[in-house]
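Peer 1: Structure provided below as structure tokens; questions to follow.
Residue numbers (UniProt numbering): 1 to 217.
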């Protein structure tokens, strides 16, 4: 499934209520206010179940220089929302303030893989089963024609049921797209790619395997 299948692109808009809960609704971004109002389909989501990037207290209008990167990540997340997977972060939508997109909103997850290894939550016999979960999430993303490009222990979170979840899609690009004009991975888990290729994620996964085996007794 190629990312083009998700076009035309429609952002999901989030309206804040009282600072503790929010309503989210599906609205085409190219409709006028009257038409948008008529299409509202609101749903209340408790704050304990979601998190924003950046955190709520830091939500503000971004610098114009990073608008294109926020929109790029939102486009990717819209595709992932349309084609969900149990090992890929669940995206709720973007946060709008004063007519601008100021952040993205996801399901709330637990600690990172990095934290779990540091605190001894993961045993050595858990390494390969954990990597298999990450691999399944990567393969799903690749099936959509997308490359994550930043597979590392801080971008893997635990769900409440113990599943591993891939997060952080600001480096994600369509396969073969240039990586020279944006974020492109985290040392030492990145091979410093110039283009988005599936092997970038394979490299990152193998580096995560090495890191886990080095840091788990």
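Every residue, glycine too, gets a C-beta built ideally from N, C-alpha and C.
May I have the straight-line CA-CA distance separating residue 171 from residue 177, to the nearest angstrom?
Peer 2: The alpha-carbon atoms of residue 171 and residue 177 are separated by roughly 11 Å.
Peer 1: Note down the Cα distance separating residue 153 from residue 100, rounded to an integer number of angstroms.
Peer 2: If you draw a straight line from the Cα of residue 153 to the Cα of residue 100, it comes to about 31 Å.
Peer 1: Distance, Cα to Cα, residue 146 vs residue 175?
Peer 2: 6 Å
Peer 1: Using a C-beta cutoff of 8 Å, does residue 95 count as contacting chain B?
Peer 2: Reference to chain B is not applicable here, since this structure consists of a single protein chain.
Peer 1: To the nearest angstrom, how far is the alpha carbon of residue 209 from that of residue 66?
Peer 2: 32 Å
Peer 1: Can you tell which of 217, 167, 194 has its C-alpha closest to the C-alpha of residue 91?
Peer 2: For residue 91, the nearest C-alpha among the options comes from 167.
Peer 1: In this structure, how does DSSP classify residue 66 when only helix, strand and coil are distinguished?
Peer 2: helix
Peer 1: Helix, strand or coil for residue 79, going by three-state DSSP, please let me know.
Peer 2: DSSP places residue 79 in helix when its eight states are reduced to three.
Peer 1: For residue 157, which of helix, strand or coil comes out of DSSP?
Peer 2: Here residue 157 sits in strand by DSSP.
Peer 1: Can you have a look at residue 158 and say buried or exposed, based on whether 16 or more other CB atoms are within 10 angstroms of its CB?
Peer 2: buried
Peer 1: Using only alpha-carbon positions, find the residue among 95, 144, 165, 77 that is nearest to residue 198.
Peer 2: 144
Peer 1: To the nearest angstrom, how far is it from the Cα of residue 214 to the Cα of residue 142?
Peer 2: 28 Å
Peer 1: Is the CB-CB distance between residue 86 and residue 163 below 8 Å?
Peer 2: yes
Peer 1: According to DSSP, is residue 201 helix, strand or coil?
Peer 2: Here residue 201 sits in helix by DSSP.
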